[in-house]
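Everything on this sheet refers to the single structure shown next.
Structure (structure tokens):
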């Protein structure tokens with residue numbers, strides 16, 4: 010283009026006229042407004058992080074605390090800013106790193122002081138070797154990005170997925186506190202599980218023992234704990250409601266049928282006093298082989314007494330047909346039986362009223378047979 014001597018400008022005068030028709034091109038970016046308060050540069054001051062989703066929007070980074078607590082509480086975050094609680098060591102002792110990095114996700118990346126083209130896994134080591142490096146990030150297009158001095162414009166991007174991970178350099182002790190907290194939580198969970206397991210085990214043992222003692226104190230159901238030699242005879246009699254006791258329980262209750270516990274002896278056989286594990290006292294009537302009575306007489310007594318319910322009659326609790334022994338288990342009579350009062354010479358003579366009542370009960374019992 011040939012420049013006009015009368016026009017010193019490197020473009021035609023008409024260009025100026027056209028430019029003046031579009032004044033919006035000259036509008037400064039400072040006139041733009043944003044609804045996000047974190048877009049204001051340095052809103053939270055040095056080492057403060059801005060998050061528009063929180064209230065208040067400014068907090069200090071982990072490992073930092075407000076430089077001026079009063080100004081910070083007033084909301085003058087940019088005036089106060091934050092300072093490190095523990096200074097950086099910038100060293101490695103005995104192979105242990107003195108400094109570490111705090112990861113912040115979805116962060117704005119700007120104002121970096123240095124960049125280095127290299128793999129992402131080497132960014133941390135490169136920053137650790139530089140004592141002036143206070144933070145780093147990795148961007149696919151930029152590579153490793155490093156900050157030094159002070160972080161003045163740190164804030165989170167929204168929506169999720171924007172921004173990059175920013176790694177802030179802090180003393181290792183600050184990170185250990187977070188790690189120790191996780192360890193404590195894990196230890197508490199494990200210890201609680203162990204305690205619950207131990208308590209559950211002992212509770213199960215206690216309940217099993219309790220059920221075992223209950224089974225020992227209670228007779229077996231009809232049809233159980235019976236010798237095969239007695240099965241046929243027992244099957245002829247309906248004894249579904251009559252409990253069957255185990256021989257071992259009765260032997261323990263009577264101290265192995267000790268003579269000390271022997272109450273007496275009748276035509277049926279000897280009678281022993283016994284006490285079950287639950288404290289219940291019983292009388293065990295054992296069929297003697299020399300009694301002359303057989304299984305039929307035994308079963309007749311079982312059938313008769315098991316059906317009788319009378320306040321003047323001792324109650325039959327059950328029977329035992331084990332170890333070739335035949336036994337009846339009765340309630341224990343602390344006041345002894347009727348024959349003691351009828352035939353004991355040391356007892357007073359019964360009056361006729363009592364004698365009449367005895368005769369009446371005997372007659373009733375005879376009619377029941």
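In our numbering, the protein residues as written are 10 to 378. Glycine included, C-beta positions come from ideal geometry on N, C-alpha and C. Computed from a prediction, not measured in an experiment: that's the story for all the values here.
Check this for me: beta carbons of residue i and residue j, under 8 Å apart or not?
i: residue 157; j: residue 95; result: no
i: residue 124; j: residue 142; result: no
i: residue 178; j: residue 73; result: no
i: residue 57; j: residue 69; result: yes
i: residue 176; j: residue 155; result: no
i: residue 257; j: residue 295; result: no
Can you pull the DSSP bridge partners for residue i?
i: residue 176; result: 112, 145
i: residue 279; result: 274
i: residue 93; result: 73
i: residue 58; result: 68, 163
i: residue 336; result: 295, 329
i: residue 364; result: Residue 364 pairs with nothing; no bridge assigned.
i: residue 290; result: 284
i: residue 154; result: 124, 146
i: residue 383; result: Because the chain spans 10 through 378 in this model, residue 383 falls outside it and cannot be assessed.
i: residue 137; result: Residue 137 is not bridged to any residue.
For residue i, which residues of its own chain have a beta-carbon under 6 Å away from its beta-carbon, when the five flanking residues on both sides are left out?
i: residue 140; result: 99
i: residue 113; result: 175
i: residue 31; result: No answer about residue 31 holds up, because its pLDDT of 35 lies below 50 and its placement is not dependable.
i: residue 338; result: 254, 291, 293, 326, 327
i: residue 324; result: 340
i: residue 6; result: The structure shown has nothing for residue 6, since the chain only spans 10 to 378.
i: residue 297; result: 278
i: residue 67; result: 53, 57, 59, 86
i: residue 130; result: none
i: residue 266; result: 281
i: residue 372; result: none
i: residue 184; result: 109
i: residue 367; result: none
What residues in its chain sit with their C-beta under 7 Å from that of residue i, if we drop five residues either side in the sequence?
i: residue 232; result: Confidence is the limiting factor: at residue 232 the pLDDT is only 40, short of 50, which leaves the residue's position unreliable and the question unanswerable from this model.
i: residue 37; result: Reliability fails at residue 37, whose pLDDT of 39 lies under 50, so the model's placement of it is uncertain and the value that follows must be treated cautiously. Once the five neighbours on either side are set aside, residue 37 has no close Cβ partner at all.
i: residue 89; result: 54, 75, 76, 77, 80, 81
i: residue 126; result: 152
i: residue 273; result: 280
i: residue 270; result: 263, 264, 281, 282, 283
i: residue 91; result: 54, 55, 56, 57, 69, 70, 73, 74, 75, 76
i: residue 97; result: 108, 178, 180
i: residue 51; result: 87, 161, 162
If residue i and residue j are in contact, beta carbons under 8 Å, what's the gap, nearest whole angstrom?
i: residue 87; j: residue 53; result: 7 Å
i: residue 160; j: residue 180; result: No, residue 160 and residue 180 are not in contact; Cβ-Cβ is about 16 Å, not under 8 Å.
i: residue 61; j: residue 45; result: 5 Å
i: residue 147; j: residue 136; result: So it is not a contact: roughly 11 Å between Cβ atoms.
Output needed for residue i: all residues of its chain with C-beta closer than 8 Å, excluding positions within five of it in sequence on either side, in chain order.
i: residue 41; result: Residue confidence for residue 41 is low, a pLDDT of 45 falling below 50, so the modelled location carries little weight; the figure read from the coordinates is stated next. Correct list: empty, nothing qualifies.
- Pair every Cβ in the region 148 to 167 with every Cβ in the region 197 to 208, then say whether three or more of these pairs are closer than 8 Å. no
- Does the region 252 to 270 come within contact of the region 279 to 295, defined as at least 3 CB pairs closer than 8 Å? yes
- the region 271 to 283 in contact with the region 250 to 257 per 3-pair CB rule at 8 Å: no
- Query: Between the region 107 to 124 and the region 171 to 180, do at least 3 Cβ pairs fall closer than 8 Å?
  - Reply: yes
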